[in-house]
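These notes concern the structure reproduced below.
Residue numbers (the numbering used here): 1112 to 1438.
See the structure below:
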């Protein structure tokens, strides 16, 4: 059964890996690399890069030292581009099988761990990236890999997307416009920062894809993302918010969602609007469409938003920030 260095495509998959690594293992190889083209990261098993978990300011190819292979380090499993000749432990991955819709744990060899739909093997021997890859290849495995979307626009500068997070109620205490509890954050390094005026939160794309930063609400302008309950109409008078929107509802034309999310999403950008808006203007704009500025309650929702942004812009725009609704 084919295997390779491990690839990672969701946060739960990364968390599963971290739970099964010995506590004294601080850094290990995964299957992400940019050996073919600088800053164009690919998985060794050729699966698409749809999820990443970089440490702030990584990847950076530090001092042009050919940091072309990716390692996971620290208790949070953050990623770092590293010289490929480092000797580190590694993780292998191979496809698992199912019978009657249930995972067959016994299909994993002794010493391997099951996490649907694959088996994982933590190799604690210190190897270079290439040697680790060979070990997995010999076992029919893949190095652990994760999605990388922002490498194509690495090093560029640009704007941002507002989300619905702000500190207008109590300075330094952030809240979602929707009133939802703040249960998930994805702050950039040294964030949340203190600004001279009222602080609103934006989300970056490009090099800092998905990371949140505080900006002055009135002085800053950005693109933005609206989030709407499923099966609600786009009207100037939005209905009262429902505490548990239906997962089976339909989104209005032009809005997107998936089966696991309770809301519909739409990106508003320069092709649809004459100018960027302040956070308050973006908030009011969303309300006129029966929606709110984006609030994010978990990694799965943020990953879907990143997918929508990638579909909207691909590699055609420089690094951007978008307003969202935490305040």
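Each residue gets a CB set at the ideal place from its N, CA and C atoms; glycine is no exception. All figures in this text were calculated on a predicted structure; none of them were measured in a lab.
* Between residue 1164 and residue 1190, is the Cβ-Cβ spacing less than 8 Å? -> Taking the chain shown and counting its residues from 1, one reaches residue 1164 at position 53. Taking the chain shown and counting its residues from 1, one reaches residue 1190 at position 79. Contact: yes.
* To do: With DSSP as the reference, please indicate the residues paired to residue 1139 in a beta bridge.
  => Numbered from its first residue, the chain shown carries residue 1139 at position 28. Beta-bridge pairing links residue 1139 to 1183.
* Do the CB positions of residue 1289 and residue 1275 come within less than 8 Å of each other? -> The count along the chain shown starts at 1 and reaches residue 1289 at position 178. The count along the chain shown starts at 1 and reaches residue 1275 at position 164. Contact flag set, yes.
* To do: Look up residue 1357 in the DSSP assignment and say whether it is helix, strand or coil.
  => In the chain shown, counting from the first residue as 1, residue 1357 sits at position 246. Unreliable placement is indicated for residue 1357, whose pLDDT of 43 sits below 50; the coordinate value is still reported in the next sentence. Note: residue 1357 maps to coil in three-state DSSP.
* Proximity of residue 1193 and residue 1182 at Cβ, strictly below 8 Å -> Numbered from 1 along the chain shown, position 82 holds the residue referred to as residue 1193. Numbered from 1 along the chain shown, position 71 holds the residue referred to as residue 1182. Taking 8 Å as the Cβ cut-off, residue 1193 and residue 1182 qualify as a contacting pair.
* To do: Would you check if the distance between the CB atom of residue 1140 and the CB atom of residue 1125 is smaller than 8 Å?
  => As a working note, residue 1140 is residue 29 in the chain shown. As a working note, residue 1125 is residue 14 in the chain shown. Cβ distance not < 8 Å, so residue 1140 and residue 1125 don't count as in contact.
* To do: Return the bridge partner residues of residue 1327 from the DSSP annotation.
  => Counted from its first residue, the chain shown places residue 1327 at position 216. DSSP, once it has assigned bridges, lists 1310 as partnering residue 1327.
* To do: Output yes or no for whether 8 Å exceeds the beta carbon distance between residue 1406 and residue 1287.
  => Taking the first residue of the chain shown as 1, we reach residue 1406 at position 295. Taking the first residue of the chain shown as 1, we reach residue 1287 at position 176. Yes, they are a contact pair.
* Asked: I think residue 1151 touches residue 1179, with their Cβ atoms under 8 Å apart; what is that distance to the nearest whole Å?
  -> For the purposes of this step, residue 1151 is identified with residue 40 of the chain shown, where counting begins at 1. For the purposes of this step, residue 1179 is identified with residue 68 of the chain shown, where counting begins at 1. Rounded, the Cβ-Cβ distance is 11 Å, inconsistent with contact.
* Asked: Nearest to residue 1375 by CA position, among 1313, 1300, 1413, is which residue?
  -> The residue you call residue 1375 lines up with position 264 of the chain shown. Selected option, being the one with the closest Cα: 1413.
* Asked: Does DSSP classify residue 1130 as helix, strand or coil?
  -> By one-based count along the chain shown, residue 1130 stands at place 19. Helix, per DSSP.
* Assign residue 1167 to one of two classes, buried (16 or more other C-beta atoms within 10 Å of its C-beta) or exposed (fewer than that). => The count along the chain shown starts at 1 and reaches residue 1167 at position 56. That one is exposed.
* **Buried/exposed call for residue 1114, threshold 16 Cβ in 10 Å** => Against the chain shown, residue 1114 aligns to sequence position 3. Looking at its Cβ environment, which holds 16 or more other Cβ atoms inside 10 Å, residue 1114 is buried.
* To do: Go ahead and label residue 1278 buried or exposed: buried means 16 or more other beta carbons lie within 10 angstroms of its beta carbon, across all protein chains shown.
  => For the purposes of this step, residue 1278 is taken as residue 167 along the chain shown, with counting starting at 1. Under this definition residue 1278 is a buried residue.
* Return yes when the Cβ of residue 1328 is within less than 8 Å of the Cβ of residue 1408, no when it is not. => Residue mapping note: residue 1408 aligns to position 297 of the chain shown, counting from 1. Residue mapping note: residue 1328 aligns to position 217 of the chain shown, counting from 1. Not closer than 8 Å, so no.
* Cβ atoms of residue 1325 and residue 1308: under 8 Å apart, would you say? -> For this step, residue 1308 is matched to residue 197 along the chain shown. For this step, residue 1325 is matched to residue 214 along the chain shown. Their beta carbons are not under 8 Å apart, which means residue 1308 does not touch residue 1325 by this criterion.
* Residue of 1416, 1391, 1379 minimising C-alpha distance to residue 1322 -> What you label residue 1322 is simply residue 211 of the chain shown in a count that begins at 1. When each option's Cα is compared against that of residue 1322, the closest is 1416.
* Asked: Tell me the DSSP bridge mates of residue 1153?
  -> Taking the chain shown and counting its residues from 1, one reaches residue 1153 at position 42. 1144, per the DSSP bridge assignment.
* Who are residue 1164's beta bridge partners in DSSP? -> What you label residue 1164 is simply residue 53 of the chain shown in a count that begins at 1. In DSSP, residue 1164 forms no bridge with anything.
* **Residue closest to residue 1440, alpha-carbon to alpha-carbon, out of 1422, 1155, 1138** => Outside the shown range of the chain (1112 to 1438) lies residue 1440, about which nothing can therefore be said.
* Is residue 1390 helix, strand or coil when you go by DSSP? -> On the chain shown, residue 1390 is found 279 positions in, with the first residue counted as 1. Looking at residue 1390 - three-state DSSP - the assignment turns out to be helix.
* Once you ignore the five residues that flank residue 1302 on each side, which residues in its own chain have a CB closer than 7 Å to its CB? -> Mapped onto the chain shown, residue 1302 falls at position 191. Taken in chain order, the residues that qualify are 1323, 1324, 1325.
* Just confirm the distance between the C-beta atoms of residue 1312 and residue 1367, as a whole number of angstroms; I'd bet it's less than 8 Å. => For this step, residue 1312 is matched to residue 201 along the chain shown. For this step, residue 1367 is matched to residue 256 along the chain shown. Going by Cβ atoms, the distance from residue 1312 to residue 1367 rounds to 22 Å, so no, they are not a contact pair.
* **Contacting residues, own chain, Cβ-Cβ under 7 Å from residue 1372 (five flanking each side not counted)** => Counting from one through the chain shown, the residue named residue 1372 turns up at place 261. Hits under 7 Å: 1412, 1415.
* **Where residue 1123 falls, given that 16 or more other Cβ within 10 Å makes a residue buried** => Along the chain shown, read from residue 1 onward, the residue named residue 1123 stands at position 12. Residue 1123 comes out exposed.
* To do: Tell me whether residue 1300 sits in a helix, a strand or coil according to DSSP, three-state version.
  => Taking the first residue of the chain shown as position 1, residue 1300 is located at position 189. Coil.
* To do: Would you kindly work out how many angstroms separate the C-alpha atoms of residue 1379 and residue 1160, rounded to a whole number?
  => By 1-based counting over the chain shown, the position of residue 1379 is 268. By 1-based counting over the chain shown, the position of residue 1160 is 49. Using only the alpha carbons, I get a separation of about 25 Å.
* Check whether residue 1205 and residue 1118 have beta carbons under 8 Å apart -> Here the question's residue 1205 lines up with position 94 in the chain shown. Here the question's residue 1118 lines up with position 7 in the chain shown. Against a cut-off of 8 Å, the Cβ pair of residue 1118 and residue 1205 comes out as no contact.
* To do: Tell whether a beta-carbon distance below 8 Å holds between residue 1149 and residue 1172.
  => Here the question's residue 1149 lines up with position 38 in the chain shown. Here the question's residue 1172 lines up with position 61 in the chain shown. Against a cut-off of 8 Å, the Cβ pair of residue 1172 and residue 1149 comes out as a contact.
* residue 1366 - containing beta strand (DSSP E), residue span -> For this step, residue 1366 is matched to residue 255 along the chain shown. Unbroken run through residue 1366: none, as it is neither H nor E.
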